[in-house]
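Okay, so here's the structure we're looking at.
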Amino acid sequence: MEYKISLIPGDGIGPEIVGEAKKILDKVCEKYGHKFNYEEVLLGGASIDACGVPLTQEAIDTAKSSDAVLMGSIGGDAKTSPWYKLEPSKRPEAGLLAIRKALNLFANLRPAYLYDELKGACPLKEEVIGEGFDMIIVRELTGGLYFGERKTVEENGVRKAIDTLTYDEKEIRRIAVKAFEIAGKRRKKVTSVDKANVLDSSRLWRKVVEEVAADYPDITLEHMLVDNCAMQLVHNPGQFDVILTENMFGDILSDEASMVTGSIGMLSSASLNETKFGLYEPSHGSAPDIAGKGIANPIATILSAAMMLRFSLDLDEEADAVEAAVQQVLKEGYRTVDIMSEGMKQVGTKEMGDLIAERIC
């Protein structure tokens with residue numbers, strides 16, 4: 001099979017980790033007889049440097065013409081980077097929000113799985129970890145506070161900033177349907193997270209989710225307030241299967257969930273529209289402090305590539321092979337610095353990519 005893949009190396013460690021994921025995809029092509037045609041797309045700081053804006057229409061058009069998009073990371077150090085002296089609409093993160101909107105990527109999937117081999121890296125106590133955990137956070141991605149009307153004004157000599165949180169029932173319904181469909185293939189439980197004791201948007205969210213749940217009688221639905229969910233993720237993470245939530249809550253909770261796995265460098269992510277098209281990226285950021293040092297963990301990006309194979313290209317066997325190769329390398333004791341522990345063998349970014357590629361069969 002032949003596919004067109006848009007690559008967004010981005011900023012910071014992005015080019016390094018995307019390079020390793022491409023190495024893995026090339027090995028998949030070699031083993032399974034596929035052909036991937038790659039086209040590079042500028043986004044974020046890299047686009048600002050080259051084009052003066054964080055996202056161009058040309059970049060959007062290129063992404064739309066592909067079968068899927070694989071991204072590294074965008075952004076830099078907010079204290080030192082000249083990108084953050086620009087107005088907010090011109091900064092790197094504005095490009096990321098814009099491409100999600102342009103591609104209609106309304107559903108963000110973030111798995112949080114604790115590998116047996118990495119239990120020692122988990123910051124939680126052994127009695128809290130128990131038998132481990134395997135959850136996926138389904139986050140609404142194109143609505144809510146991040147996309148609401150905003151302004152900064154001065155009233156009676158006092159500066160005031162206003163951000164608007166808005167959701168309509170169609171936005172809520174389509175992400176809820178996605179969560180219940182995913183739960184149907186897992187352990188059949190959805191935890192819908194909101195702040196219905198305070199926010200009108202959350203009260204509508206809860207009502208619509210309950211309406212959707214009526215169409216899935218075999219799936220258990222529970223509601224949980226976001227502050228309680230944040231506590232439960234570190235108190236009893238094993239209780240969760242599918243967590244469904246809105247944009248800002250999902251942004252925060254998914255990063256928390258990733259850290260209880262032991263390293264944010266281990267976790268993949270997918271952003272999907274209503275077709276098979278998706279943008280795949282690691283859950284972590286650009287880590288400018290370690291960029292160019294060859295020590296970044298590429299596994300999250302490699303696992304994101306595996307998700308791309310599975311969800312957008314329908315190459316389940318190939319996705320299984322990549323995931324199995326990652327598991328095998330961990331079993332053999334290889335670690336990047338972020339997941340290193342006593343008795344293990346420390347390797348760099350490229351070495352980890354090579355090891356995983358060698359084990360794809």
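Residue numbers (UniProt numbering): 1 to 361.
Virtual Cβ for every residue (Gly too), placed ideally from N, Cα, C.
Since the structure is predicted, the reported quantities are computational estimates derived from the model, not experimental observations.
For residue i, does the count of other Cβ atoms within 10 angstroms reach 16, so buried, or fall short, so exposed?
i	result
Met71	buried
Ile162	exposed
Asp11	buried
Val198	exposed
His284	buried
Asn156	exposed
Cys122	buried
Met266	buried
Cys361	exposed
Met231	exposed
Arg187	exposed
Thr301	buried
Met135	buried
Glu210	exposed
Cys51	exposed
Ser254	buried
Tell me which residue opens and which closes the alpha helix (DSSP H) that residue i is part of.
i	result
Pro15	14-32
Gly250	247-259
Asn236	Run containing Asn236: none; DSSP gives neither H nor E here.
Thr62	57-64
residue 373	With the chain covering 1 to 361 only, the question about residue 373 has no answer from this structure.
Met224	Counting along the chain, Met224 falls outside any alpha helix (DSSP H), though it belongs to the beta strand (DSSP E) covering 220-225.
Ile356	349-358
Ile129	126-129
Leu330	316-331
Taking the CB atoms as reference points, tell me whether residue i and residue j lie closer together than 8 Å.
i	j	result
Gly353	Ile295	no
Thr191	Val242	yes
Leu97	Val41	no
Lys4	Asp67	yes
Ser268	Pro111	yes
Ala107	Leu272	yes
Leu330	Tyr115	yes
Ser47	Gly95	yes
Met1	Tyr146	no
Which first and last residues belong to the beta strand (DSSP E) in which residue i is found?
i	result
Leu7	2-10
Leu303	First-last for Leu303: 299-311, but that is the alpha helix (DSSP H), not the beta strand (DSSP E).
Ile136	134-140
Ala78	No beta strand (DSSP E) holds Ala78; DSSP gives it neither H nor E.
Lys160	158-163
Could you give the DSSP three-state label for residue i: helix, strand or coil?
i	result
Arg203	helix
Thr152	strand
Val198	coil
Pro288	coil
Glu40	strand
Met344	coil
Asn108	strand
Tyr115	coil
Arg187	coil
Determine contact between the segment 258-269 and the segment 123-130, defined as no fewer than three beta-carbon pairs at a distance below 8 Å.
They touch, by the three-pair rule.
Using 8 Å as the Cβ pair cut-off and three pairs as the minimum, do the segment 20-33 and the segment 303-320 touch?
Touching, per the Cβ criterion.
Determine, using beta-carbon pairs with one atom in the segment 81-90 and one in the segment 311-330, whether at least three such pairs fall under 8 Å.
They do not touch, by the three-pair rule.
Under 8 Å, with one C-beta from each stretch per pair, do the segment 173-184 and the segment 131-141 reach the 3-pair mark?
Contact holds: three or more Cβ-Cβ distances are below 8 Å.
Check whether the segment 223-231 touches the segment 269-281, taking contact to mean three or more Cβ pairs, one atom from each stretch, closer than 8 Å.
These segments do not touch.
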